[in-house]
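Take 472 as the starting number for the sequence shown in this note's numbering and just add one per residue.
Backbone N, C-alpha and C fix where the C-beta goes; we use that ideal spot for every residue, glycine too.
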Amino acid sequence: SSTESEMKSSRAGLRSGGSLDGKAKHSSSRDFARFSYAANVLLLVYLFVLNTRSVDRAERLAGKTNAESYLKFSGAVSDLANSTAALENTIKVLHEVTNTGSAKPHKTSSNPALLPVVVSHPLPVIPPLTWVQSTGSSPQPASSPGTTSAEKLWMFLGIPTVPRRNNVDYLTTTLRTMLDQMPADPSDPFSSKVKAVIMNNKPGAHQVYNSARAMFEQIGGPKARFLEFRDNPGLIPDPAPELPDPDDLNNPTSRPGREVRKQTCDLIALMELGAAQAEYYMFMEDDFRVCPHFLRAVHYVVEKSNLQTPDWLAIRVSYGMNGIIMKSKDLLLLSKYLREHTARLPPDLLWQEWMAKAHSIPELRGRPLLVYKHNLLDHIGTISSFAIRPNRPKWPGCYESMANVWSLTRMEQFDRNCVHDDISPCNKKELGPDW
């Protein structure tokens, strides 16, 4: 009887096969339309989030106006429109299937509304690093193509250079000793993470710079990537060109003359160039020999400082407007201060003043200046770029103490009481780690 019952059921099923096939088709259509609807909703949300993040990134790197252009030319608007049209078509099909139960299923090979929308435009990139002349006086640095925080340089070494009397050449020695420290092995962690930018602040009138550039670019090799030569575009003008030059031998207020004001403007240009390219920026001068193991020592000092005092504002490893390490995110705060006071003091004195005022600046309050015990840059320039320069005491050489450099304020000198540590300020009550 069981077999007979199964046979009856089978015959009944065959007789009603057309009706069952119709229900299955309608069910399949509804399921497929719902799936397509969900897929297009997800794609629309994805495109919306992608374009929102693109605009936000462009606004941060290149300003609101450039961000709007960035979105306009990226093709994102077109992609969103295509996806919206596809979604509306899918909803229409879904309504037909749900309300009438008789819509014919669409073949996915011939109905583009049910296919995933393919983004036809490549993702745009931010233009290469350039200065954009804005309506104000500040040049606006833009990021390199596709640059993210993970792709930034570790250290940007900023070296401004100007000609000296009789074309005395210190620059070549500075660059030779620097390249000696750079790794030739491309697998070395520093291989693509450090760059020295040499900025010529007298384009067309700096013979030593032109010769050094030609020589190092001709040498090539794996170390050539560490050097980049640039002419200063001159976007930052002297804010007080009408002021007469002071008497350099009788200038109790240290008021800067025309050449010193230009030096400050040139320094600002290089700072703002480097701000977007690296995590850290080091001020350097073109007449300092790089001491042995300079790069490894700098890395050690920065990493130790990050572990012991992560909120540090700056680190000194030498003297002058040289051997100062800063986080690039803080550079624009210093740049703003230099711009505001260019006509009042030379750049190295403005730096000292800015550090002394750090406790009264909200963004800087409580963030210390650290000093390494040993000098890492050796001054070799005896002929100044200025016409008049008073006689000065001796400068410390390589790895000599930073505790008694005559040109530095007490805050900028190494604390002799840190007998168990090589970075000050320190915890004098405890022995420092054995580095």
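When the options are compared against residue i, the one with the closest alpha-carbon
i, options, result
"Asp893", "Gly691, Lys844, Leu778, Glu774", "Lys844"
"Asp640", "Cys897, Gly852, Pro896", "Gly852"
"Ile795", "Phe700, Thr648, Phe754", "Phe754"
"Glu871", "Arg838, Pro763, Pro654, Thr645", "Pro763"
"Ser622", "Phe661, Thr735, Asp801, Ala676", "Checking the displayed sequence, the identity of residue 622 turns out to be Glu instead of Ser. It is Phe661."
"Asn638", "Met792, Ala814, Met797, Gln678", "Gln678"
"Trp783", "Asp801, Thr644, Leu766", "Asp801"
"Thr644", "Ser658, Thr780, Val761", "Val761"
"Leu820", "Leu879, Leu766, Lys807, Phe765", "Leu879"
Cβ-Cβ distance between residue i and residue j below 8 Å
i, j, result
"Arg732", "Asp709", "yes"
"Ala785", "Met626", "no"
"Leu646", "Leu720", "no"
"Val668", "Ile707", "no"
"Asn793", "Phe759", "yes"
"Thr735", "Pro867", "no"
Residue i in three-state terms, based on DSSP
i, result
"Met649", "helix"
"Ala421", "No statement about residue 421 is possible, as the shown extent of the chain runs from 472 to 906 and does not include it."
"Val773", "helix"
"Leu835", "coil"
"Phe754", "strand"
"Trp822", "helix"
"Arg635", "coil"
"Arg729", "helix"
"Tyr790", "coil"
"Ala711", "coil"
"Asp849", "strand"
"Ala785", "strand"
"Phe759", "strand"
"Asp737", "helix"
"Arg887", "coil"
"Met417", "No information on residue 417 is available, as it lies outside the stretch 472 to 906 that the chain covers here."
"Ala667", "strand"
"Met626", "strand"
"Val679", "helix"
"Glu871", "coil"
"Lys798", "strand"
"Leu565", "In this prediction, Leu565 has a pLDDT of 48, which is less than 50 and means its spatial position is unreliable; what the coordinates show is noted afterwards. Here Leu565 sits in helix by DSSP."
"Phe697", "helix"
"Ala768", "helix"
"Ala747", "coil"
"Tyr641", "coil"
"Leu879", "coil"
"Leu907", "A query on residue 907 cannot be resolved here, the shown segment of the chain reaching from 472 to 906 and no further."
"Ser658", "coil"
"Leu803", "helix"
Whole-angstrom distance between residue j and residue i, CA atom to CA atom
i, j, result
"Pro704", "Val633", "14 Å"
"Leu847", "Glu811", "31 Å"
"Ser789", "Leu628", "14 Å"
"Asn671", "Met686", "15 Å"
"Met653", "Glu713", "44 Å"
"Leu642", "Met649", "11 Å"
"Ser591", "Lys694", "Below a pLDDT of 50, predicted positions are generally treated as unreliable, and Ser591, at 35, falls in that range; no measurement from the model is reported."
"Glu756", "His891", "31 Å"
"Arg836", "Asn681", "43 Å"
"Pro717", "Ala746", "33 Å"
"Arg696", "Lys664", "10 Å"
"Asn875", "Val842", "12 Å"
"Lys798", "Tyr751", "5 Å"
"Ala814", "Pro715", "11 Å"
"Arg887", "Asn898", "12 Å"
"Asn777", "Leu513", "42 Å"
"Leu804", "Arg684", "32 Å"
"Asp656", "His850", "29 Å"
"Met826", "Arg635", "30 Å"
"Gln724", "Arg787", "Reading off the sequence, residue 724 comes out as Thr, not Gln. Their Cα atoms are separated by approximately 25 Å."
"Glu824", "Pro839", "14 Å"
"Cys869", "Asp702", "30 Å"
"Asp651", "Gly692", "13 Å"
"Asp737", "Lys666", "19 Å"
"Leu809", "Trp877", "23 Å"
"Pro864", "Leu816", "22 Å"
"Lys673", "Cys889", "43 Å"
"Trp822", "Met873", "18 Å"
"Glu774", "Gly728", "39 Å"
"Leu766", "Ser806", "25 Å"
"Phe624", "Ser658", "Looking at the sequence provided, one finds Leu at residue 624 rather than Phe. The alpha-carbon atoms of Leu624 and Ser658 are separated by roughly 15 Å."
"Pro896", "Pro781", "13 Å"
Can you find at least 3 beta carbon pairs, one from the region 878-886 and one from the region 767-782, that sit closer than 8 Å? no
Count the CB pairs spanning the region 740-756 and the region 830-841 that are closer than 8 Å, and state whether there are at least three. no
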